[in-house]
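Structure record follows, encoded as structure tokens.
There are 2 protein chains.
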Amino acid sequence: MELYYGISGSGFVCHTINPRLFKEQIAFIIKHAGDKVLFADLTFLPILEALAPQLRKLKAVVMLTDEAHMPKSSALPKLKSYETLLAREKDQFNWPELNENTACSLCYTSGTTGEPKGVLYSHRSSVLHAMAVCTPDAFNCSASSTVCPIVPMFHVNAWGIPYLAPMIGAKLVMPGAKLDGASLHQLMTGEGVTFTAGVPTVWLALLDYLDAEKKTIPTLMRVGIGGSAAPPIMLQRFADRGAEVIHAWGMTETSPVALTAALTGKHAKLSNAEKLAKRAKQGRPLYGTEYLVVNGAGKPVKHDGQEFGDLHIRGAWVASSYFKSKEKAAFKREGWFNTGDVVNVDEDGFFQIVDRAKDVIKSGGEWISSIELEGIMQAHPAIKEAAVVSRPHAKWAERPVLVAVLKSGAVLTYEEMVMHFTGKIAKWSIPDELIVVDQLPHTATGKLLKTVIRKLVLAR
Amino acid sequence: MELYYGISGSGFVCHTINPRLFKEQIAFIIKHAGDKVLFADLTFLPILEALAPQLRKLKAVVMLTDEAHMPKSSALPKLKSYETLLAREKDQFNWPELNENTACSLCYTSGTTGEPKGVLYSHRSSVLHAMAVCTPDAFNCSASSTVCPIVPMFHVNAWGIPYLAPMIGAKLVMPGAKLDGASLHQLMTGEGVTFTAGVPTVWLALLDYLDAEKKTIPTLMRVGIGGSAAPPIMLQRFADRGAEVIHAWGMTETSPVALTAALTGKHAKLSNAEKLAKRAKQGRPLYGTEYLVVNGAGKPVKHDGQEFGDLHIRGAWVASSYFKSKEKAAFKREGWFNTGDVVNVDEDGFFQIVDRAKDVIKSGGEWISSIELEGIMQAHPAIKEAAVVSRPHAKWAERPVLVAVLKSGAVLTYEEMVMHFTGKIAKWSIPDELIVVDQLPHTATGKLLKTVIRKLVLAR
Numbered sequence: 002m003e004l005y006y007g008i009s010g011s012g013f014v015c016h017t018i019n020p021r022l023f024k025e026q027i028a029f030i031i032k033h034a035g036d037k038v039l040f041a042d043l044t045f046l047p048i049l050e051a052l053a054p055q056l057r058k059l060k061a062v063v064m065l066t067d068e069a070h071m072p073k074s075s076a077l078p079k080l081k082s083y084e085t086l087l088a089r090e091k092d093q094f095n096w097p098e099l100n101e102n103t104a105c106s107l108c109y110t111s112g113t114t115g116e117p118k119g120v121l122y123s124h125r126s127s128v129l130h131a132m133a134v135c136t137p138d139a140f141n142c143s144a145s146s147t148v149c150p151i152v153p154m155f156h157v158n159a160w161g162i163p164y165l166a167p168m169i170g171a172k173l174v175m176p177g178a179k180l181d182g183a184s185l186h187q188l189m190t191g192e193g194v195t196f197t198a199g200v201p202t203v204w205l206a207l208l209d210y211l212d213a214e215k216k217t218i219p220t221l222m223r224v225g226i227g228g229s230a231a232p233p234i235m236l237q238r239f240a241d242r243g244a245e246v247i248h249a250w251g252m253t254e255t256s257p258v259a260l261t262a263a264l265t266g267k268h269a270k271l272s273n274a275e276k277l278a279k280r281a282k283q284g285r286p287l288y289g290t291e292y293l294v295v296n297g298a299g300k301p302v303k304h305d306g307q308e309f310g311d312l313h314i315r316g317a318w319v320a321s322s323y324f325k326s327k328e329k330a331a332f333k334r335e336g337w338f339n340t341g342d343v344v345n346v347d348e349d350g351f352f353q354i355v356d357r358a359k360d361v362i363k364s365g366g367e368w369i370s371s372i373e374l375e376g377i378m379q380a381h382p383a384i385k386e387a388a389v390v391s392r393p394h395a396k397w398a399e400r401p402v403l404v405a406v407l408k409s410g411a412v413l414t415y416e417e418m419v420m421h422f423t424g425k426i427a428k429w430s431i432p433d434e435l436i437v438v439d440q441l442p443h444t445a446t447g448k449l450l451k452t453v454i455r456k457l458v459l460a461r
Numbered sequence: 002m003e004l005y006y007g008i009s010g011s012g013f014v015c016h017t018i019n020p021r022l023f024k025e026q027i028a029f030i031i032k033h034a035g036d037k038v039l040f041a042d043l044t045f046l047p048i049l050e051a052l053a054p055q056l057r058k059l060k061a062v063v064m065l066t067d068e069a070h071m072p073k074s075s076a077l078p079k080l081k082s083y084e085t086l087l088a089r090e091k092d093q094f095n096w097p098e099l100n101e102n103t104a105c106s107l108c109y110t111s112g113t114t115g116e117p118k119g120v121l122y123s124h125r126s127s128v129l130h131a132m133a134v135c136t137p138d139a140f141n142c143s144a145s146s147t148v149c150p151i152v153p154m155f156h157v158n159a160w161g162i163p164y165l166a167p168m169i170g171a172k173l174v175m176p177g178a179k180l181d182g183a184s185l186h187q188l189m190t191g192e193g194v195t196f197t198a199g200v201p202t203v204w205l206a207l208l209d210y211l212d213a214e215k216k217t218i219p220t221l222m223r224v225g226i227g228g229s230a231a232p233p234i235m236l237q238r239f240a241d242r243g244a245e246v247i248h249a250w251g252m253t254e255t256s257p258v259a260l261t262a263a264l265t266g267k268h269a270k271l272s273n274a275e276k277l278a279k280r281a282k283q284g285r286p287l288y289g290t291e292y293l294v295v296n297g298a299g300k301p302v303k304h305d306g307q308e309f310g311d312l313h314i315r316g317a318w319v320a321s322s323y324f325k326s327k328e329k330a331a332f333k334r335e336g337w338f339n340t341g342d343v344v345n346v347d348e349d350g351f352f353q354i355v356d357r358a359k360d361v362i363k364s365g366g367e368w369i370s371s372i373e374l375e376g377i378m379q380a381h382p383a384i385k386e387a388a389v390v391s392r393p394h395a396k397w398a399e400r401p402v403l404v405a406v407l408k409s410g411a412v413l414t415y416e417e418m419v420m421h422f423t424g425k426i427a428k429w430s431i432p433d434e435l436i437v438v439d440q441l442p443h444t445a446t447g448k449l450l451k452t453v454i455r456k457l458v459l460a461r
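Dropping the structure here:
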């Protein structure tokens, strides 16, 4: 937190790195970004030691500890103690006057394929994003909120929460390394957390813990879920505990929050089931962003909640290029960024992510949304986690396959799977196969690695 | 509403005029602003007719009506029908790309003394102001809100509400000319208003009507009050009806909203009376504005809720000059604007307006807040409206005088007044005189005209 404000406020760029990336990716990112000084917790010393040969060009490696806890010997060059450096400085510091377009932070996309790509944020874009994310239809945070981001500070600036909490005077609670259900429950009840935000995987663990231990988090009023789509059952499970889920959508390239699924006045009279269906979509654009959804013919799609199209976005906190990259394909004229997501738009302007463009299953001229199928299976009592990918098919081009991790002791047959899908989707969309596995591969930020899962299916 | 967006969106400046100003002031403002085209409701035709000689330089006077309702004959030059002009245009309009710093609107201060002064707003400042005012600690508006500004569209852009409602997708309800209790009750219950905003005078009438008729506005959740200080009893009367008052403070020069009195997490444990006292202050700065409160010696005041000082403010929606004016006294170096308000600041950073600098009563070296005394008397059952001004005094320099309008049939003696003040303020702050009048003079925007009231006292 000190580094967020100290580095950016001094006119430098705070470049966060996901320590769970592969070592090669970390080395690539440090070199590509042109990092000058690296700050790290002691926990990550082994990772850094292994990277020592690639860190020679850094001016310093600063460990976030005092002199007494510094490593006795290390292969790392120019190793310094953060507290020792701080103690040398005066209490007074003259913050420079910075142009609002000065770069303040840098994140790299976790990229399920290819090299990580950097997105540079300015003070201006970060402030506007945080202001928009405070509003009642987004994270709805105020000076009476206690805000606890479970999304880490290296993951697209923790969705802007380290900026918005001081901005509006909220109490900010940071989790430690332990993100299991018991640890989160203890932290949140102890600190009286009213708002939290994170990816679905974390909430699954917390909800299961609360169920198993018959515990509650009485102060919790709102949960921001993004990173990947939250299954409708997850919204319901939080609602049963008195906490409203706000489904949000974004990308590293969009700072990240761009859509939130808050109901509008016209939805007041919907049934609970209808409201849930609406709120399980990715939602409506925040003011400050603009959208264009175009079908294969390059025409805007109908707002009927059915027709699919590629989602393009531009706005005050949307990137117009990657940092030091020649990759321009995603950036179009007049600031439009092609998200690579396929969406539909309903009559209320609610967007629903149908799939990543590259994960859509194209079967006999029809498109099948892998995400829709995963959401349906996630509600099945035997399922712990579900992934749907394509297998090439001679007649239909591609056919869907369900790859599932089952709950401890649970059993699921192919026939039971078909029965669960029947009536919920078109018959030809039901997967041809069920493959049960012990675990599914994820990116460092918890997203399903579909490229690896497709290879796994091909190998069977 | 069409003019707000049509004029500003085309790159022109939408200059609103308060039709309740004196004719001479209206003529002055039109000339000073360099207005090119005047748009007006038919209601205001008589005012315009009387000003006809001063309107000769306008390119057109456009009446907001169709051809059938246009006046048959008029002294006004180049009179046109709005609907006829619109009908001539194509459905498609290419909005120009505007730099965000382009001027979009212009308001003149109502000025209790001197000529009205113009404040020019940019698209940028108006957007940032509206984003800040949407947040939970300000007007807390969302797409599920039904928003009804009782503050008129010519009064500092209706506090930004015509911008923020479309921005976040709220339903916007505009009142007509009738602002009496019965009309507002009918409008708000009929449309299901959840948020409204206006000056204390309007709410006094509405609350009295609801009391007398034993009526409610069940959907109303939040009431923004500003323009002048709301007496604590008004907050309580709304609270008794389930509506939370958000006290807001601002000026034409600050777009206008700059402070809002929303409680923070640390106030959760206060008693209801303590919360009310806090919320009756003008409140905390919105993110995007900065404050400096300096005493007579030019030093920052202590944050003890006691020491008075002059309030200076700067920020993203604070003016740095008046439009086409040589008056620079209020604008200091580095963007600071001297508001002319005297405030104290408490340990939580809540500001309380003690008085207008020119209305503070200086008695025997001590400062007496006329606003504090008015607030106390406003809670007395006999009082309809209370004003406290100074009368020059040979020994003490100035002494306070209470000028009061009583409720129909009510009686108030000087001794009853003294008893009501006793124990609430220092004994030497209690007014030396009580003058009962039939009515008090106000500016066109409902503020007490202290200059006139002081003359009235001197004439007794």
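Residue numbers (our numbering), protein chains in the order written: chain A, 2 to 461; chain B, 2 to 461. Don't be surprised by glycine CBs; every beta carbon is placed ideally from N, CA and C. From a predicted model like this one, the values you see are computed outputs, not experimental measurements.
Cβ shell of residue i (< 8 angstroms), same chain only, five flanking positions each side left out
i: P382(B); result: K408, A411
i: G376(A); result: A230, P232, P233, A281
i: A358(A); result: D311, G341, D342, V343
i: E245(B); result: M222, R223, V224, F239
Min CB distance residue i to chain B below 8 angstroms
i: N141(A); result: yes
i: M252(A); result: no
i: M189(A); result: no
i: M168(A); result: yes
i: T265(A); result: yes
i: K172(A); result: yes
i: Y292(A); result: no
i: Y6(A); result: no
i: M418(A); result: no
8 angstroms contact criterion, which residue i and residue j should meet: CB distance rounded
i: I389(B); j: V406(B); result: In the sequence as displayed, the identity of residue 389(B) is Val instead of Ile. Actually they are not in contact, since the Cβ atoms of V389(B) and V406(B) sit about 13 angstroms apart, beyond 8 angstroms.
i: S430(B); j: I354(B); result: No, S430(B) and I354(B) are not in contact; Cβ-Cβ is about 17 angstroms, not under 8 angstroms.
i: L271(A); j: K279(A); result: 7 angstroms
i: L211(A); j: T220(A); result: About 14 angstroms separates the two Cβ atoms, so there is no contact after all.
i: E84(A); j: D67(A); result: 4 angstroms
i: T103(A); j: G10(A); result: The Cβ separation is near 10 angstroms, so there is no contact.
Exposure of residue i, with buried meaning 16 or more beta-carbon neighbours within 10 Å
i: V201(B); result: First, the residue type needs correcting, since residue 201(B) is Pro and not Val in the sequence shown. That one is buried.
i: D360(B); result: buried
i: D42(A); result: exposed
i: S143(A); result: buried
i: D92(B); result: exposed
Within-8 angstroms CB hit, residue i to chain A
i: D138(B); result: yes
i: T147(B); result: yes
i: C105(B); result: no
i: A383(B); result: no
i: Y288(B); result: yes
7 angstroms CB neighbourhood of residue i in its chain, flanking five on each side removed
i: I162(A); result: V148, P150, A198
i: R57(A); result: P78
i: Q440(A); result: V406
i: Q307(A); result: N345
i: K385(B); result: V406, L407, K408
i: A183(B); result: Y210
Where the alpha helix (DSSP H) containing residue i begins and where it ends
i: V128(B); result: 124 to 135
i: W204(A); result: 201 to 214
i: Y6(B); result: 3 to 10
Beta-carbon contacts of residue i that lie in its chain and below 6 angstroms, excluding the five residues immediately before and after
i: P249(A); result: The sequence shown places Ala at residue 249(A), not Pro. Once the five neighbours on either side are set aside, the close Cβ partners of A249(A) are G225, G227, V258, T261.
i: R392(A); result: R400, V402, V458
Element boundaries [beta strand (DSSP E), containing residue i]
i: I226(B); result: 223 to 226
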